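Data block below; observations after.
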Amino acid sequence: MSNYEIFKPQTVKEASDLLKNDGYMPLAGGTDMVVKIKNGFFKNLKAVVYVGNLPFNKIINENNKVIIGSGCTMEEIAINPIIKENYPTLVEAANTVGATQIRHMATIGGNVGNSSPAGDSIPALYSLDAQVLITNGTSQRTVDIKDFFTGPGRNVLQLGELIEAFVLPLRKTTGRFMKLGERSALAISKINLALSTWEDGKKHYRVALGSVAPTVLRSKKAEEILENAAHPLTEEVIQKASEAARETADPITDIRSTKAYRKQMAGVLLRKALEK
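Mapping of the sequence shown onto numbering that gives the first Met the number 0: position 174 corresponds to residue 173, and the numbering continues sequentially without gaps.
Structure, rendered in structure tokens:
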């Protein structure tokens, strides 16, 4: 971890100006980035820009939207009253990110910015129709979470841009976050799944799968089956939705799991989520 500079900007504009330089990387909690730096993952690393001093650490309810600052830690998200009341899927996802000490450091902005298809907060945000608020210090733009990722470890952020916050529609949802790894919360996911539901005169479902493709996938076929079914859900409906989730999955075989196992477990996890 040598041969690079460390900057600690005090304003968003200062951070943005630094990050316009090639080889300058943002760092907040550092739970992912520090490991990558130690392992020499960034071949062109010239400087680390610490963004933990920026005003991105609040969770607010504003204009029928909940805004989660990118600097909020997983622990802060898991215990926040607004999140607990409205987004249990996100609470469960936040509680699976590493051991307790990691959750006190890891930020949701870092988890999403890392852009891993195994990132635990990402399927939860997909299932909640989240938007990503991006800033360059002078202007902002908003991108749907589904359009933020361009591949494993890649996203739409340009030089000088930062994730400022995540914007969620204010609605009372129910749901589950399910994860398979070697050691549960301490593991990188072999596969994860987020299920969120809400009612506004009609029952809505969102089913998002992680670690089954280059980016997180929504199983729109499973959602359609569930939304068109009578309630309570029958065994036949649950089976059809689970099969649809399995068909959606398009995983690879890697050191953590096989393609066949991941594909099978996509359906199993949705079944478990629906039955609980």
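Virtual Cβ for every residue (Gly too), placed ideally from N, Cα, C. Owing to the predicted nature of the structure, the values given are computational and were not obtained by experimental measurement.
As assigned by DSSP and simplified to three states, the class of residue i
i	result
residue 177	strand
residue 32	helix
residue 15	helix
residue 60	strand
residue 9	coil
residue 266	helix
residue 122	helix
residue 297	This structure cannot settle anything about residue 297, because the visible part of the chain is limited to 0 through 275.
residue 202	strand
residue 55	coil
residue 217	strand
residue 95	coil
residue 228	coil
residue 160	coil
residue 44	coil
residue 167	strand
residue 131	strand
residue 255	coil
residue 184	With a pLDDT of 48 at residue 184, under the threshold of 50, the modelled position of this residue cannot be trusted, and the question is left open.
residue 241	helix
residue 24	strand
residue 0	Note that residue 0 has pLDDT 47, beneath the 50 cutoff, so the model's placement of it is unreliable and the number below is only indicative. If DSSP states are grouped into helix, strand and coil, residue 0 belongs with coil.
residue 85	helix
residue 108	helix
residue 172	coil
residue 90	helix
When the options are compared against residue i, the one with the closest alpha-carbon
i	options	result
residue 4	243, 19, 46 and 21	46
residue 61	153, 166, 120 and 144	166
residue 212	250, 189 and 179	250
residue 169	265, 63, 11 and 48	63
residue 268	19, 256, 254 and 237	237
residue 159	10, 86 and 16	16
residue 131	156, 152 and 151	156
residue 55	9, 240 and 231	9
residue 202	190, 189, 179 and 171	171
residue 39	272, 2, 273 and 150	2
residue 104	21, 148, 263 and 33	33
residue 235	140, 263, 139 and 270	270
residue 232	74, 274, 85 and 23	274
residue 75	149, 93 and 230	93
8 Å Cβ cutoff met for residue i and residue j
i	j	result
residue 68	residue 83	no
residue 173	residue 127	no
residue 215	residue 125	yes
residue 12	residue 112	no
residue 240	residue 224	yes
residue 109	residue 27	yes
residue 279	residue 77	The requested residue 279 does not occur in the structure, where the chain is confined to residues 0 to 275.
residue 144	residue 164	no
residue 220	residue 248	no
residue 53	residue 14	yes
Cβ-Cβ separation, residue j to residue i (assumed contact under 8 Å), whole Å
i	j	result
residue 312	residue 194	What is shown of the chain runs 0 to 275, which leaves residue 312 out entirely.
residue 226	residue 204	5 Å
residue 245	residue 265	5 Å
residue 178	residue 95	5 Å
residue 71	residue 106	6 Å
residue 50	residue 192	At roughly 30 Å, the Cβ-Cβ gap does not stay under 8 Å, so residue 50 and residue 192 are not in contact.
residue 256	residue 189	4 Å
Heavy atom of the ligand SAH within 7 Å of residue i beta-carbon
i	result
residue 34	Among the components modelled here there is no ligand, and therefore nothing to report on the ligand SAH.
Fill in: Stretch pair the stretch 190–201 + the stretch 99–114: three plus CB contacts closer than 8 Å
As far as the Cβ criterion goes, the stretch 190–201 does not touch the stretch 99–114, which means the pair count is below three.
Worksheet entry | At least 3 beta-carbon pairs within less than 8 Å: the stretch 118–138 vs the stretch 205–225 | Result yes; three or more Cβ-Cβ pairs closer than 8 Å.
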